[in-house]
Each structure stands twice: as C-alpha cells, then as structure tokens.
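Take a look at the structure below.
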Amino acid sequence: MAYDRLVFRVHATRRMFRRRIIEQDIRHVLETGEVIEDYPDDTPYPSRLILGFCNARPIHVVAADNHEDQQTIIITVYEPDPAKWDPTFRKRREPS
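The sequence shown begins at 218 in the working numbering and counts up by one.
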C-alpha cells in the first residue's frame, strides 16, 4: 500500500456495503495482496487490480495512487466470480 490515507469512491463504498466488505478487509488486501493487472492508461491516475484473501474469501480491489496528495484511491471492490476467473482468481477466463 503506497499511502495510509484511503479515499473511497462512491462506487467502491456502495460495493463494499452490498458485499459486506469492510475497510479493514481493503487494507489487508492492499498490504498483503498481489497485483494481478495494471492499468497504466487509467485517468486521472494509473490503477491496478489487486487480489487478496480475507479469511479465505477472495477479494479484488482496484486502486490508484495520488502521489501529489499522498492518498490511495479505492475505485471498486468485489468478490471475483468463479465463472469469470480461473480457480486462482488471478486470470480472467476466456469467453466461451
């Protein structure tokens, strides 16, 4: 995690509420998770998809770092769908 200060987009907050994912889970994923995709062309800041596990529950977090304001922006949060991801939740399945 680049910065201790987290800023949650409204979209992320809604997803967290619906999926019963708490801020502590997000921090755990940011601190211990693995970057599985990079999105260098995202604006206004490059972002990344991070996979982490909280009590064996897989969680994907899309986050970006705002270096100027020293904050990590949480864009979205979700539990990956096994139908769309490989068994490790690291790679997307090919469309059928």
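Don't be surprised by glycine CBs; every beta carbon is placed ideally from N, CA and C.
No experiment lies behind these values; they were computed from the predicted model shown.
| query | At a cut of 8 Å, does the region 254-268 reach the region 227-234 through at least three beta carbon pairs? | reply | no
| request: Kindly indicate which three-state DSSP category glutamine 288 falls into: helix, strand or coil? | output: strand
| task | Give a yes or no on whether the C-beta atoms belonging to valine 294 and isoleucine 238 are separated by under 9 Å. | result | yes
| task | Please list, in chain order, all residues of the same chain as glycine 250 whose beta carbon is under 6 Å from its beta carbon, the five residues on each side excluded. | result | Ile267, Leu268 and Gly269
| query | For glutamate 296, which option in Arg222, Met233 and Tyr220 has the closest C-alpha, if you only look at C-alpha atoms? | reply | Met233
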